[in-house]
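As structure tokens, the structure follows; a few thoughts come after it.
Number of protein chains: 2
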Amino acid sequence: MKPAVKVTITGAAGHIGYALVFRIASGAMFGQEQPVILRLLEIPQSMSALSGVRMELEDCAFPLLHDIVTTDDPTIGFRGTNYAILVGAKPRSKGMERKDLITENAKIFATQGRAINDFAARDVRVVVVGNPANTNALIAAANAPDLDRNQFTAMTRLDHNRALGQLANKTNTLVSDISRMTIWGNHSLTQYPHINHCQVNGQPVFDQVSHDWAIDHFIPRIQRRGAEIIEARGLSSAASAADAVVDHVHDWALGTKDDDWVSMSVHSDGSYGIDEGVVFSYPVTCKDGQYEIVQGLELDDLSVSRLKASEDELRSERAIIAELLP
Amino acid sequence: MKPAVKVTITGAAGHIGYALVFRIASGAMFGQEQPVILRLLEIPQSMSALSGVRMELEDCAFPLLHDIVTTDDPTIGFRGTNYAILVGAKPRSKGMERKDLITENAKIFATQGRAINDFAARDVRVVVVGNPANTNALIAAANAPDLDRNQFTAMTRLDHNRALGQLANKTNTLVSDISRMTIWGNHSLTQYPHINHCQVNGQPVFDQVSHDWAIDHFIPRIQRRGAEIIEARGLSSAASAADAVVDHVHDWALGTKDDDWVSMSVHSDGSYGIDEGVVFSYPVTCKDGQYEIVQGLELDDLSVSRLKASEDELRSERAIIAELLP
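If you read the sequences in order, they're chains G and U. Numbered by our numbering, the letters in the first sequence go through residues 331 to 656 in order. Numbered by our numbering, the letters in the second sequence go through residues 331 to 656 in order.
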């Protein structure tokens, strides 16, 4: 049997963490032949809850789960880890300014970036889920000078999967009939869910839906889907966010499907004219554990302006936390 | 592609339901080649939360999830269903007598048994998770005269998996190294977790652990594991219960491993001297969608008395709800 992969999850006792760790242990992330070791990191006040999560993991008798480590010490949590999934983040409290939220989280992710730099496996792959995810990924990477910044990503896969689900509903097809969906930009309200290159059963999407539907209904619905879930559930998305983490890491590690791509927030390399200093959601293909930004997609003027707006937002977030960038 | 399997889950917006439905939709229960249709049943006051669960399921873009039905009407919820997973139950409220809890739930499961009888697929397989699970399964089956009572089971797989986890911890092995674990009796404090026939890496278990450990530590810990989880988490087991449902149905549908068995609560056929009128947890093997109680296991006097105690409890539960048995 293969050696176990080590996976660190921060905020492991939170709602998303609780939905996530069992799926990883069940083999959903790396397949049924790949054992895993879970390294679960929490803040001190959540360690009792985390001990309960650990017990429940034991109680599942997962054949692929070879060990569980629980800790509130990042230097232990990230030790030797192959995948770092950064879920835990400070939520917005009542009356908190966006600026303060960004700064508070920047400190957390700077610390975690340094711990990953010092203790993780040299090929560690990082995905940031905690918001503001893109800027948190930027900060973590900037604080890990011994690692390649391309090892740090942020998650836009939940938006991507939401977009697939809505387009499938609209076209009365299955999500597996749809390819080439893209989420561009920041994981925020400025994100740009973009169906123009989509195919439905191999045919152009606009054979089945109108541009007006995309602009007036589809895009705002994806942008505001998180609020819609909170409205219905009284709680924010947890299981669907966890599922998106599974998909993000699964595809990064094991590759994307032929003739298709997925959306990942990665360090811009200047593709599509985006500032190289931000973490931006792009269409990417993955193979052999590496991702590559899809090149050469045509963008109309509207799309260019939407990408620009999201880039501007990312620049403003970066300006807020500039002093935490070494 | 195969036709979709229809799976009904009651209490789908509750803690266990929320942990369960995403795993089923991901393919964990029936494998990666088997599409599923989820029929999610809730009580009227949970329909808003259930609409949020439905949205999150859409947001996962599960390729195998071909449709979702949400309803508070059992005659719709069970229509044509192939698997009915009865999770929802009335919890014990403060000051409630055990007798009243059993009676209140008996009414719910009698109603559901009738709806399953009238509307489910003729080959429907039922697993009761909501407590008191064994007696609820008895009542549901008794109210479904057109179906075989052997289509109705209750879940002891969580206890079984907990037992595997604890024995693996104690022997410093992996759960996959252990076989032939058994939970006998009622899914309650009288259950009898029994390691005497276990093998660890193919060797007798008592080469590695003592009888005293089994009696003084192992058995009470499994019996009281639920309380231990509540103590740590502040919430009862959810993800591990959901995982046990996945395992129970998976093995029933797709078969148990060679030279091994699992624990399921099924209608007694008199095996091991147990009253034929109760639903009792036995070691079973499954093949081609059918289960068979493992025969011929030797039981020492202690074990016989433990089985008897659990049988007595089940008889007393049955006496409480006798008038609901047609």
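Where is the CB? At the ideal position from N, CA and C, for every residue including glycine. Remember, predicted model here, so these are calculated numbers, not experimental data.
How far does the beta strand (DSSP E) with residue i in it extend, from its first residue to its last?
i      : result
F610/U : V609 to K617
E622/U : Q620 to I623
M485/U : Neither: M485/U is in no beta strand (DSSP E) and is coded neither H nor E.
T401/U : L395 to T401
Is it buried or exposed, residue i, if we count other Cβ atoms within 10 angstroms and call 16 or more buried?
i      : result
E653/U : exposed
T405/U : exposed
L519/G : exposed
N273/G : Because chain G spans 331 through 656 in this model, residue 273/G falls outside it and cannot be assessed.
G410/G : exposed
M511/G : buried
Q442/G : buried
K336/U : buried
V592/G : buried
S646/U : exposed
I560/G : exposed
Return yes when the C-beta of residue i is under 7 Å from any heavy atom of the ligand ZN, and no when it is not.
i      : result
H524/G : As presented, the structure is devoid of all ligands, the ligand ZN included, so that no description of it is given.
Which residues does DSSP pair with residue i in a beta bridge?
i      : result
P523/G : I513/G
M377/G : Per DSSP, none; premise fails for M377/G.
A414/U : T338/U and V456/U
V530/G : I508/G and Q533/G
M594/U : Y612/U
I432/G : Paired residues: none, contrary to the question.
I367/U : K336/U and D397/U
Tell me, please, whether the CB atom of residue i is closer than 8 Å to any CB atom in chain G?
i      : result
P393/U : yes
I559/U : yes
M594/U : no
G386/U : A small correction: the amino acid at residue 386/U is Glu; Gly does not occupy that position in the sequence shown. Closer than 8 Å to some Cβ of chain G, the Cβ of E386/U qualifies, so yes.
F449/U : no
N461/U : no
Y602/U : no
S376/U : no
P588/U : Looking at the sequence provided, one finds Asp at residue 588/U rather than Pro. No - not a single Cβ of chain G is within 8 Å of the one on D588/U.
C528/U : no
H396/U : yes
G495/U : yes
D542/U : no
D276/U : Here chain U covers residues 331 to 656 and nothing more, so residue 276/U does not appear.
A562/U : yes
Using a Cβ cut-off of 8 Å (strictly closer), state whether residue i contacts chain U.
i      : result
R492/G : yes
D573/G : yes
C616/G : no
N531/G : no
V505/G : yes
N435/G : no
D402/G : no
A440/G : no
L488/G : yes
Y348/G : yes
D581/G : no
F610/G : no
F360/G : no
G341/G : no
G382/G : yes
S635/G : no
Would you please state the rounded distance, in angstroms, between the beta carbons of residue i and residue j? I believe it to be under 8 Å.
i      : j      : result
S595/U : T483/U : 6 Å
F360/U : A544/U : With 8 Å as the limit, F360/U and A544/U do not qualify as a contact, their Cβ atoms being about 35 Å apart.
S509/G : D590/G : 4 Å
L370/U : V351/U : 7 Å
A496/G : S640/G : Looking at the sequence shown, residue 496/G is not Ala but Gln. The pair is not a contact, with the Cβ atoms about 19 Å apart (cut-off 8 Å).
D389/G : N491/U : 6 Å
R487/U : D577/U : 5 Å
Q481/U : V458/U : Rounded, the Cβ-Cβ distance is 12 Å, inconsistent with contact.
If I follow the unbroken alpha helix (DSSP H) through residue i, where does it start and stop?
i      : result
A639/U : D631 to I650
L468/U : A463 to A472
S570/G : A569 to L584
E561/G : R555 to R563
I354/U : H345 to A355
G407/G : P404 to G407
Is the shortest distance between the beta-carbon of residue i and the beta-carbons of chain A less than 8 Å?
i      : result
L395/U : The structure shown has no chain A; the protein chains it does contain are G and U.
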